[in-house]
Amino acid sequence: MHTHRTLSWRGNPGQGFGALSKGLHWTLAVLMIGLIWLGWYMTGLDYYDRWYHASLWMHRVLGIIVLVLAIMALGWRLVSRRPGMAPTIRCWERIAARTAHATLYVMMVALPVVGYLISTSAGDPVPMFGGLEIPAWIAVNEEARNTVVAVHYYLAYTTAFLVVVHILAALKHHFIDRDDTLRGML
């Protein structure tokens with residue numbers, strides 16, 4: 001018997017996620033992986049390299065977009081039905097999954113906020129696109145800026161680790177456990 005899977009914008013039907021959940025998940029995944037790579041790439045650039053300032057601008061803009069989308073995803077997560085986990089998932093895996101998801105959401109909010117504090121530490125606004133700027137609400141001294149830079153660095157590496165673990169867990173569920181965990185988000 002052939003069953004049709006329908007994409008639902010309102011909720012998360014059955015065992016899978018709805019179109020909005022999937023769209024936010026995969027958009028944030030691509031942006032986060034891109035930002036991690038871009039941040040790593042930027043650390044190897046000299047201040048006078050022609051790509052340095054373009055990369056920095058792109059990193060800031062994408063970071064703000066991640067912040068907005070992460071807040072949207074959190075809001076959607078609070079009001080939509082979530083499909084249950086596969087019954088074969090062990091208790092410790094459920095706890096690990098919930099902890100990892102919560103931590104990833106914290107990182108998707110914290111990293112852009114900390115990045116904003118770095119970008120505006122001298123009191124200058126964050127230039128976006130089309131002449132739009134995000135004003136500097138808090139200027140910090142050099143010592144505080146150095147601390148905020150270190151926090152951003154450690155949050156970014158923690159996030160990179162969590163993203164890799166998240167990917168590996170999804171692949172484990174798909175190829176080893178052979179459950180529908182990954183299919184539910186495709």
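Heads up: the sequence shown runs through residues 1 to 186, numbered per UniProt numbering. For each residue, glycine too, the CB sits at the ideal point set by N, CA and C. Just so you know, these numbers come straight off a predicted model, no measurement behind them.
- Sorting H59, A100, T159, I134 by C-alpha distance to the C-alpha of A110 places T159 at the top.
- For A144 and G75, the gap between their C-alpha atoms comes out near 31 Å.
- Using a 10 angstroms sphere on the CB of F129, the tally of other CB atoms stays under 16, which defines it as exposed.
- Among the bridge pairs identified by DSSP, I176 is matched with none.
- A residue is called buried once 16 or more other Cβ atoms fall within 10 Å of its Cβ, and A73 is buried on that count.
- Each of G123, H25, I36 was checked against the Cα of N141, and the nearest Cα belongs to G123.
- Around the CB of V30, fewer than 16 other CB atoms lie within 10 Å, so the residue is classed as exposed.
- DSSP places S119 inside the alpha helix (DSSP H), whose first and last residues are 91 to 119.
- When the beta-carbon positions are compared, I64 and P112 come within less than 8 Å of each other.
- About 20 Å separates the CB atoms of I36 and V126; that is not less than 8 Å, and the two are not in contact.
- A Cβ-Cβ distance of about 25 Å is found for the pair T43 and L69, leaving them out of contact under the 8 Å criterion.
- In this structure, V148 lies near I118, with their beta-carbon atoms less than 8 Å apart.
- Taking A139 as the centre and dropping the five residues before and after it, the same chain places the C-beta of T120, S121, A122, G123 closer than 8 Å to its C-beta, in chain order.
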